[in-house]
Amino acid sequence: MSVSTKGQDILPKSIRQQRRWGSGTRLIVEDTPDGVLLQAAPLFASTLPEDVFGSLSSKGQPKTLEEMEASIIAEADQRHVCD
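With the working numbering, you'll find the sequence shown wraps up at 333, consecutive numbering, no jumps.
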């Protein structure tokens, strides 16, 4: 592999296929003591719950813990029956 006059590298096709890095994949380049590390950049910026809390509108009263647990159990039961 060589660096072009524009500073571009072409990764071997076998590596791109193995990593599923298609055209336009954004990569993070990190200089480490052992060499250069390439990683696919995350598709979305990382967020914390407090960053997004309340961003979706809701209707009606909040569910109680008991109601949420009952819904989880009902969904698990339904998925178990379908398997």
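Note that CB positions come from ideal geometry on N, CA and C, so glycine has one too.
{"Query": "Determine the direct distance from the alpha carbon of residue 285 to that of residue 278, and round the result to whole angstroms.", "Result": "14 Å"}
{"Query": "Would you report the Cα separation of residue 330 and residue 314, rounded to the nearest angstrom?", "Result": "24 Å"}
{"Query": "Report the three-state DSSP secondary structure of residue 278 (helix, strand or coil).", "Result": "strand"}
{"Query": "Can you grab the Cα-Cα spacing for the pair residue 272 / residue 304, in whole Å?", "Result": "35 Å"}
{"Query": "Identify the residues that DSSP records as bridge partners of residue 289: which are they?", "Result": "278"}
{"Query": "Please state the DSSP three-state secondary structure of residue 321.", "Result": "helix"}
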